[in-house]
Amino acid sequence: MLSRLAINIILLVGILSSTIVEGQCPKDSNYYSITYTGGNTNYVQEAVTTSHNEIVAVLQNPSNSTFVAKFTSNGNVIWSNEYSPDYPMVYWNSFPWYEKTKMEGMIMAKDSTYYIYGSTYEHGRAVSGGEDPPSHWAGLILHLDKYGSVISGRYIGNWRTDYAINGMMQLGNGNLIVYLRSLFYPFTSKLLCIDDANGIVWATPLQPNTLYSEVAEVKPVIKELSNGNIVVANGMVRNLADTLFQPWLPPVIFPPPLYYFNLFQIDGKSGTLVWQRSSQCPPLTNTHITKNFIPQIKGISELPGGNISFLADMYLPIDGLIYYNSQDFSKRAVNFITNSDGYFIKLYAYHQKGGSCSLQNVWQAGNKQVLLVKDTTNQQRIIFEIDENGQITSSKSFSSAISTELSSDFGLQQKSNAGYFIFQGDPYSTSFHLDITNAKGNDSCIQRPVAMVSEDLPWPWFVDKVHFPTIPPDVDMRYSLFNFSRKSYPLSQNTICQYQYTCCTDFIDTLHAHNVSICENETYTLPDNSRVNTTGSYYTKYHTERGCDSVVYFNVKVLKSPSHLTASPDTCLESPAGVQLKATGGYDSYSWNGLVIPDSVYTVHSVGTYWVTAENICGSKTDTIHVYDHCKFPIYFPTAFTPNGDGVNDVLRVPLANKNKFRRLSIYNRWGQLVFYTTTRDAGWDGKFNGLAQATGVYVYFLEMETLAGEKVNQKGTVALIR
11 MLSRLAINII LLVGILSSTI VEGQCPKDSN YYSITYTGGN TNYVQEAVTT
61 SHNEIVAVLQ NPSNSTFVAK FTSNGNVIWS NEYSPDYPMV YWNSFPWYEK
111 TKMEGMIMAK DSTYYIYGST YEHGRAVSGG EDPPSHWAGL ILHLDKYGSV
161 ISGRYIGNWR TDYAINGMMQ LGNGNLIVYL RSLFYPFTSK LLCIDDANGI
211 VWATPLQPNT LYSEVAEVKP VIKELSNGNI VVANGMVRNL ADTLFQPWLP
261 PVIFPPPLYY FNLFQIDGKS GTLVWQRSSQ CPPLTNTHIT KNFIPQIKGI
311 SELPGGNISF LADMYLPIDG LIYYNSQDFS KRAVNFITNS DGYFIKLYAY
361 HQKGGSCSLQ NVWQAGNKQV LLVKDTTNQQ RIIFEIDENG QITSSKSFSS
411 AISTELSSDF GLQQKSNAGY FIFQGDPYST SFHLDITNAK GNDSCIQRPV
461 AMVSEDLPWP WFVDKVHFPT IPPDVDMRYS LFNFSRKSYP LSQNTICQYQ
511 YTCCTDFIDT LHAHNVSICE NETYTLPDNS RVNTTGSYYT KYHTERGCDS
561 VVYFNVKVLK SPSHLTASPD TCLESPAGVQ LKATGGYDSY SWNGLVIPDS
611 VYTVHSVGTY WVTAENICGS KTDTIHVYDH CKFPIYFPTA FTPNGDGVND
661 VLRVPLANKN KFRRLSIYNR WGQLVFYTTT RDAGWDGKFN GLAQATGVYV
711 YFLEMETLAG EKVNQKGTVA LIR
């Protein structure tokens, strides 16, 4: 037997060994390059990270199918689901209720659930080769829990309007801010504030002056400031030429289209407009720039001291000429800094030395802003940080797994500044890619050298051209519930390159899920102490002490209580094909006269009494059905009753001998006054009307019934009240 001292020595050695091994295998030293393939073309629209460095991404393909996927911090797929409107077609020759559904982005709520937003195309009824009302666009919001289950769906729109949701954020008080873009004349978009009770707190109309219109391809960017107000940036276009008049010089004409950054601030409590500024982007017409390029703000940050930074993707002139004569432009990531009232202070342009780049997305890490750009020549991705003064503090470059012209990237900062997640995809590819760096932001699989430079530039172009006229709020849309269906969207993954200590291996057990059954009104507690009470697939994620992922799945099924079981009414057998008996659906199995089958429908071919039983761990219940040889039966009704309180024949009821289906019973006095009425078979008349005993005499009854085949049978007669 070992002594206490020997045991303590063994325990100490074990602890030291564990510490040494864990030190040799830190999880933040791992990095990965992974390609995922789905059943359709797809690319990442937007993504968020959870507090545990899991990733949730919303992906879209050109055929307007949306799926949402969740990944571990090491890139393993936890779940992947496709979501679509749950409104099946009613008639084969009708239009589908909804199509072209497109979810454009997502946010993570403060309770760690997810809001996905976008739009759908709603059809009216098919009438004479057309639709009534006519089809239109409407905004959608999908609310998911951390397991991918649908919490709720919401619809924002109305017939004879066209709206889409292009942006969303959650305020510190929990309210949602929704950018509802108008796609119909007079193109009055709205900024909505929605509270926890799904009520509209305020709706601010956003209608530009007539020469300008919103750029449909540009998503608005929304940011809550420290004072509770909301700053919004979107794109505007002028499709008429503009003219610059100068003293003693001929006017300079700027041909359309002319693009503008439109910036404005909204009071977070009332929704009133605080200020609005606009700045024209450099003119691009008659230059080498592609005609389909649109400058776009992709991020907003509040700087220390109250200044505001707007990060944008745009072209800037590099030929040194007067700005309206410039012909040579280069693409840059731009930092447009204003004061707290939106007035211009500084402009910084960023690009790699001797090259150009396209801004992909932006996020904030403490007092620093992190930008993800793409080299426009070799498609390499570059992540660099800038401080509150707009100066570059670090930069890293990574090669591209997808180097097509249409490829796009989306980057995320891991929590606690523990590295980066970088998605890459192409709208017309069935695969998308994820690179995960280590805690220092390095990934030797794809890392490349880079030198980023910063330029301090003026902004000489037109300002404050766009204005929102003051118009009264107009809530011309309904905000209502919307049904979504969910189905699995399998993703296969292939690790192209990785660096991971071999002392542990990721373990994602998708083949041996734990099956759990609970009753209604019960909850099941997962190993991570999450409590669930709805049917669905759930997971618990562990980090092994050496840093690898271990994910265990639970299939929880809520069993329907047998107390809900009811069988169809008594029926008749007048067809050689038999008759179908039906019971309440939703149970795993049914016992029909002792025969256990999975169906709630049972076909019989002979008369008799049949019973059905539903039984599970939550209880058992049986109900019976009588099948008769014919469908129509005689009607029986008493000729008299004696409501004298002796306990015998005191209440007038429809006799149980009636096998027809009861509908209603009406009783009238000799003046035609209705003194009793019921639609409940077991209810009866006690001889009183308005609490007063009625006189002895003859009363008229009218009994309405229905045969077992559904044919109406009525009987009128008299009944004597005797005291």
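The sequence shown begins at 11 in this note's numbering and counts up one residue at a time.
Glycine included, every Cβ here is placed at the ideal spot set by N, Cα and C.
| query | result |
| --- | --- |
| What are the boundary residues of the beta strand (DSSP E) that Q464 is part of? | At residue 464 the sequence reads Ser, which differs from the Gln that was named. It spans M462 to L467 - the beta strand (DSSP E) in which S464 sits, taken as one unbroken run. |
| By DSSP, does Y334 sit in helix, in strand, or in coil? | helix |
| Throw me the rounded Cβ distance for the V566 and T545 pair, which I believe falls under 8 Å. | 6 Å |
| When you compare the CB positions of V542 and Y552, do they come within less than 8 Å of one another, or not? | no |
| Any beta carbon from chain D within less than 8 Å of L268's own beta carbon? | Given the protein chain composition of this structure (a single chain), no chain D is represented. |
| How many angstroms separate the CA atom of F492 from the CA atom of G128? | 13 Å |
| Among all the DSSP beta bridges, which residues are the ones paired with C582? | Y638 |
| Using the Cα positions of M179 and I151, report the straight-line distance between them to the nearest angstrom. | 12 Å |
| On the criterion of 16 or more Cβ atoms from any shown chain inside 10 Å, does M99 qualify as buried, or is it exposed? | exposed |
| Report the residue from D277, H615, P218 and Q725 whose alpha carbon sits nearest the alpha carbon of V664. | Q725 |
| Can you list, in chain order, the residues of its chain with a C-beta nearer than 8 Å to that of G376? Leave out the 5 residues immediately preceding and following it. | N427 |
| Which value, in whole angstroms, describes the spacing of the CA atoms of T348 and V561? | 46 Å |
| Out of I175, N388 and V708, which has the shortest C-alpha to C-alpha gap to S192? | I175 |
| Between I432 and D419, is the Cβ-Cβ spacing less than 8 Å? | yes |
| Within 10 Å of its beta-carbon, does H361 have 16 or more other beta-carbons around it, so buried, or fewer, so exposed? | buried |
| By Cβ distance, which residues of its chain are closer than 6 Å to E714, with the 5 residues on each side in sequence left out? | R673, R674 and N724 |
| Report buried or exposed for S441, applying the criterion of at least 16 other Cβ atoms within 10 angstroms of its Cβ. | buried |
| With a cut-off of 8 Å, do at least 3 Cβ pairs link the stretch 335-345 to the stretch 296-314? | yes |
| So which of V262, A411, T300 and D205 has the shortest CA-CA distance to Y333? | V262 |
| Can you tell me whether E714 is helix, strand or coil according to DSSP? | strand |
| Can you tell me whether W681 is buried or exposed, with buried defined as 16 or more other CB within 10 angstroms of its CB? | exposed |
| Report the option in K631, P266 and E109 whose CA atom is closest to the CA atom of P304. | Note on residue identity: the sequence assigns Ile, not Pro, to residue 304. Nearest option by C-alpha distance: P266. |
| Kindly indicate the opening and closing residues of the beta strand (DSSP E) around E532. | From DSSP, E532 is part of no beta strand (DSSP E); its letter is neither H nor E. |
| What residue range does the beta strand (DSSP E) around Y93 cover? | V87 to P95 |
| Suppose the cutoff is 6 Å on Cβ atoms and the five residues either side in sequence are ignored; what does the same chain contact list for W373 look like? | V380 and Q423 |
| Cβ of G278 within 8 Å of Cβ of N239? | yes |
| May I have the straight-line CA-CA distance separating N504 from S61, to the nearest angstrom? | 26 Å |
| Specify whether the stretch 121-140 and the stretch 105-113 touch according to this definition: at least 3 beta carbon pairs, one from each stretch, less than 8 Å apart. | yes |
| Once you ignore the five residues that flank N525 on each side, which residues in its own chain have a CB closer than 6 Å to its CB? | N565 |
| Along the chain, which unbroken stretches of the beta strand (DSSP E) at least 3 residues long are found entirely within the stretch 601-634? | 605-607, 611-614 and 618-626 |
| Per DSSP, what are the beta-bridge partners of I645 in this structure? | Bridge partners of I645: none, in fact. |
| Do K592 and S571 have their C-beta atoms closer together than 8 Å? | no |
| Going by the CB atoms, is the gap between I44 and A57 shorter than 8 Å? | no |
| Check whether the stretch 440-457 touches the stretch 472-482, taking contact to mean three or more Cβ pairs, one atom from each stretch, closer than 8 Å. | no |
| When you compare only the Cα positions, how much space is there between K37 and K406? | Any reading at K37 must be qualified, since the residue scores a pLDDT of 49, below 50, and its modelled position is unreliable; the value itself is stated next. So the two alpha carbons sit approximately 21 Å from each other. |
| If contact is defined by three or more beta carbon pairs under 8 Å, each pair taking one atom from either stretch, is the stretch 198-217 in contact with the stretch 279-292? | yes |
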